[in-house]
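Protein chains in written order, with the working numbering: chain A, 1045 to 1482; chain B, 2 to 294; chain C, 95 to 376.
Let me begin by presenting the structure, written as structure tokens, before commenting on it.
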Amino acid sequence: MAILFNKGNKKMKHRTFALPLMLILLIAILSSCTTIAPQAAPSAPGAKGSVTLEFMQWWEPELPAGAFRALMDEFEAQNPGIKVQLISGPYSTTREQVVAGAAAGTMSDVVGLDGAWVNDFVKQGALANLSELMAQTGYDDSALAAQIQLNGSTYMIPVVNFVYPLFVNLDLMDAAGIVNVPTTRSEFAAAAAALTEPLSNRYGWVLPLSLEQPNGIQNDVMSWVWASGGSMMTEDKPDLTNPAVRSAAEYIKGLYDAGVIAPGAFSMREQDKVEEFVNGRVGMMISSMAHINMIRERNPDLKFTIAAVPVEDGYTGKRGLAYASWGIGVAANSPHQAEAWKLIEFLMSEEANSKLSSIANAFPGNINSTPDFVQTDELFGAAFEVFQAASLVNEFVGLPVAEELMRLFAEQFQLYLDGSQTLDDALNKAQEAWMAHF
Amino acid sequence: MSKIFRKSTPLIYLSPTILLLTILSLIPIVMVFIYSFMDNVVMNQNPKFVGMTNYVKIVTNSVFLQAFSNTMYFTVMSVVFHLILGLTFALLLNARALPPFLKAIFRTIYILPWVFTAAVIAILWRLMLNPNGVINYLLITFEIIERPVEWLSSRQLALHAVTFINIWAGYPFYMVSLLAGLQGISEELYEAGTIDGANQRQLFWYITLPQLKPIIISLAMLDFIWTMHQFTLIWMTTGGGPIRATEMLSTLTYKLAFSSYQFSHASATAFLILALSAFVAIFYVRQQKAADE
Amino acid sequence: MNNPKSAMQRSIIYILLSVTLLIGTLYAGFPVLWMVSSSFKSNTQIFAYPPQLIDDSFSLQAYTSVLSNPQKLRFFFNSYLISILVTLCTLIVGILAGYSFSRYNFKFKRLLNMLIISIQAVPPITLLIPYFSLIVTLQLYNTYAALVLTYMVFTLSYAIIMMTGYFNTLPRELDEAVMLDGGSSFVALWRVLVPISLPGIVSVGVYTFMIAWNEFLFALTLTKTNDMRTVPVGIQLLMGQHSYEWNEMMAMSVLGSLPVLILFLFFQRYFIAGMTAGSVKG
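As structure tokens, this is what we get:
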């Protein structure tokens, strides 16, 4: 054996020092790993008597840059001694963050909530009872448009609401020779068929049924049930086999079989759906009014309008309109609940709520607030009319494991659309799967 | 002093590893292990010990079986193709016929899939595999297919599509490691082989592969374990759908934990995954033992 | 080699090689090319049909909006700092452990080896809640240290296994010679084995860097303020509740990948033949 590598020979004498030296080096490195990091401002205690509220939400990134911070600055100016630290994350992971935070006892004082999460957070003991906070401060809740309650106590207050009306591409309607925006299911089916031209890659309707974000079940499927005054619940139990759900499901299956739904439905998400509409490949979609500005921004030439979701033929009752909220709640283990409530009070005040709903392009959670776009913008005006004429419905709000319920339904519904099972099987199985959670 | 000192030397070398892994890995794992025997932890403030109930519930669930078989397909296919592609590219890039600067360029191109975060890979492939995406467009233009294919939304295709994406995303890891391994094979072995009259194929089978074997085994084992809990890629492309075509143990675990809030069930699933991986680990350790002797 | 047959064989090999390389390039590169192309498009054009590689919506707007945003630049800085620290720490700790496994026999060796492999078999997502509680207890929440240590845990198993493997391929005579000369095992490791194993070390380092660079879930959970967050979190922040900023997402990941690629180009020379081969003649 001949060793070609022997550069280091001369320095190999310090055998006794080597090991201790190595250990020191190691400790130095490991500790440098831990100390290089400046301990990031541990919720700066600030001046004496001042409180810093952590507010975790996904709203700040959704709003124009700096807009939400400006609103918080306003709050801080009105409430000397309270500072707000915004902790912003992506919407899709906010729920995990809250669950983990609550489990580790580091949950933010104030948290942004989706109605679909409330039930489970309350079960986890993560949310403070807002009814008690209101009672302590003698708050008059008559201006609140809604409160999300469980067992008679409020845990979430919707700050702003996004309704889900029907969006219609007017250019495509013209090209297909349809004059009136459909108001009934049969008109909608006829329009969708007329709009569909698979050869030029155009479809009447778009239906996102992704299992990753199964909220298509809430927004794009159950909307049809709610629009005609139907319900998927009895008092407090699921009731998926009732005629209203049946007829909506059957109706959608009819559209699917007629080939008027854009391809790719089974893995499509809300964010994909709207891009199909923006690109003029689908004539109609049910979608959040939060998309109005985005559609305009991305395709300024697109002519579109907003209408109520079509109802069963012959239905004359009040229409239901699906909505989703940016809700707010307080951490059960927050030491600053009184201050946290002040922040909620501020956000729900007539003025701040008007401002927030204006920048978010949403409808206010305070019944006295009016966002300024309602008067100035024709489309939002139209949406506001739809909003006022309808009763807001979202039966998923406050249900246990609401997102899982949507997913369970989506799985059975996909099988039904696919032709792999009958309507009865789909609804019975979904009903059974839901019952397991009640 | 030297005897005791010598005896403790390996442990001194291992001490930082042991310290770090005990605190940051073993403790949480033991916690999860305890969770898996409790009655719904996290959601339940005073969980009770319920024995094997959670495991029984998971294993008897029909979804689990489907997730298991999907995971096996996904994992085995990924590992096999990662190895084939990684080895092929490594050998190509090691070919003497290529000038060094070309090698450098190709190496950089070939590791491209590796430098992106899984979320972006998922988004990118969703865009490309969209019915109106570029892949359908190209396939239609070259008249390979007639109508756009719903790669990710079709029950028949989704699992293959997701596996394909994962193969794309993962082979550079093999390529880089095998490339390094190839440099370690002695020139003389090949020379001796050539003198003995071996052709290229024989050189590959009798010299290159056996020499790379230890690295390949380590890579394949690690890849097997990692691919088993590949989550982001699947979650952000199909969410386990359509229906349950791409449901994996990892997506099932996630749904149990954060969608159904059944943390105990999720923990039990996690330990079933651990048990599966343990088989592979045992195989690996045996291999090491054989190499030691 | 004037033999005409051999020249023809050579050119056939050359053509075959080029064709395979090109197919490989297409396979590896096309999706990335598409990403780059999308980063120059408008959000609407990304969904246009028929798709075009470059269309009239071409603009650098996505890049300028990422680069002019101090918060996003901070994400890049954090990602680099963390990834580099993780790479260095993992390599040092991993080399020491790999050396120990490769060169010594001791009690519990096999058990330890098993443990090191198996602990990474637990899906990280299930560890999230207990791990998060642990980090909070250790007072590391929202620090770089939390992320550095976490990624070390993620990458250490691999580093140890690979380093053990590389050291195993090196003959023990190498370190024995050092020891005969009066050097310690530590000297043998750093002076002889490490320089020889550089290709292996570089590939482990590259891997470690990538894992640290691309991890999302823990990066999000273990930090809370934007000044501690990393590029993958920044990218996910562009995925809104109702719509995505597709082009900015693509631009951000292209920007993030560039320095990594440059780093790789730089370290490539360590893969070049001759570094290790034939150091021991039998």
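Think of the CB as a built atom: it goes at the ideal place given N, C-alpha and C, for glycine as much as any other residue.
According to the DSSP secondary-structure assignment, residue 1349/A is paired through a beta bridge with 1212/A. Here the alpha carbon of residue 201/B sits roughly 15 angstroms from the alpha carbon of residue 100/C. Relative to the Cα of residue 245/B, the nearest Cα in the group 1144/A, 1209/A, 1464/A belongs to 1464/A.
Using a Cβ-Cβ cut-off of 7 angstroms, residue 148/B is close to nothing in chain C; its nearest Cβ partner there is about 13 angstroms away. Every alpha helix (DSSP H) of 4 residues or more that sits fully in the segment 164-219 of chain B is shown, in chain order, as 188-196, 201-204. In this chain, the beta strand (DSSP E) harbouring residue 1249/A covers 1247-1249.
Residue-level contact check: residue 1169/A touches chain B, since one or more beta carbons of chain B fall below 8 angstroms from its beta carbon. The CB of residue 333/C comes closer than 9 angstroms to the CB of 1134, 1135, 1136, 1315 in chain A, given here in chain order. When Cβ-Cβ separations below 8 angstroms define contact, residue 137/C makes contact with chain A. Residue-level contact check: residue 1332/A touches chain C, since one or more beta carbons of chain C fall below 8 angstroms from its beta carbon.
Counting only runs that start and end inside the segment 1411-1445 of chain A, the alpha helix (DSSP H) elements of at least 4 residues fall at 1417-1420, 1422-1433. Among the residues facing chain B, residue 1310/A is included, as its CB has a counterpart in that chain under 8 angstroms away.
Per DSSP, the beta bridge partners of residue 1205/A are 1369/A, 1407/A.
When rounded, the separation of the alpha-carbon atoms in residue 1436/A and residue 1412/A is 17 angstroms. Between the beta-carbon of residue 1398/A and that of residue 1172/A there is about 26 angstroms, and that puts the pair past the 8 angstroms contact cut. Residue burial annotation: residue 1319/A is buried, with at least 16 other C-beta atoms found within 10 angstroms of its C-beta. Proximity to residue 1295/A across 1428/A, 1455/A, 1356/A, 1475/A peaks at 1356/A, based on C-alpha coordinates.
Residues of the segment 223-235 of chain C with a C-beta less than 7 angstroms from any C-beta of chain A: 223, 226, 227, 230, 235, listed in chain order. Residue 78/B: member of the alpha helix (DSSP H) spanning 63-95, first to last residue. In this structure the segment 227-236 of chain B does not touch the segment 52-59 of chain B; the number of beta carbon pairs closer than 8 angstroms is below three.
Collapsing the DSSP output to three states places residue 333/C in a strand. Boundaries of the beta strand (DSSP E) around residue 1100/A: 1095-1101. Taking a Cβ-Cβ threshold of 8 angstroms, the residues of chain B close to residue 1458/A are 242, 243, 244, in chain order.
Leaving aside the five residues that flank residue 69/B on each side, the residues in its chain whose CB is nearer than 8 angstroms to its CB run, in chain order, 250. Residue 1192/A is bridged by DSSP to 1200/A. In the DSSP secondary-structure assignment, residue 1128/A is bridged to 1097/A. A Cβ of chain A is located within less than 8 angstroms of the beta carbon of residue 237/B.
Residue pairing from DSSP places residue 1282/A in a beta bridge opposite 1277/A. A check of alpha carbon separations from residue 212/C across 157/B, 281/B, 160/B identifies 281/B as the nearest. Cβ-Cβ distances below 7 angstroms link residue 1230/A to 1357 in the same chain, with the five nearest sequence neighbours on each side left out; the list follows chain order. Not flagged as an interface residue toward chain A: residue 362/C, since no C-beta distance is shorter than 8 angstroms.
Cβ contact annotation for residue 1264/A (same chain, cutoff 7 angstroms, sequence separation greater than five): 1251, 1252, 1330, in chain order. Per DSSP, residue 1330/A is not a residue of any alpha helix (DSSP H); the beta strand (DSSP E) it occupies stretches across 1326-1330. For residue 1364/A, the beta-bridge partners assigned by DSSP are 1435/A. Just so you know, the alpha carbons of residue 1110/A and residue 1370/A end up roughly 18 angstroms apart.
The shortest C-alpha to C-alpha distance from residue 267/C to any of 256/C, 259/C, 287/C, 250/C is the one to 287/C.
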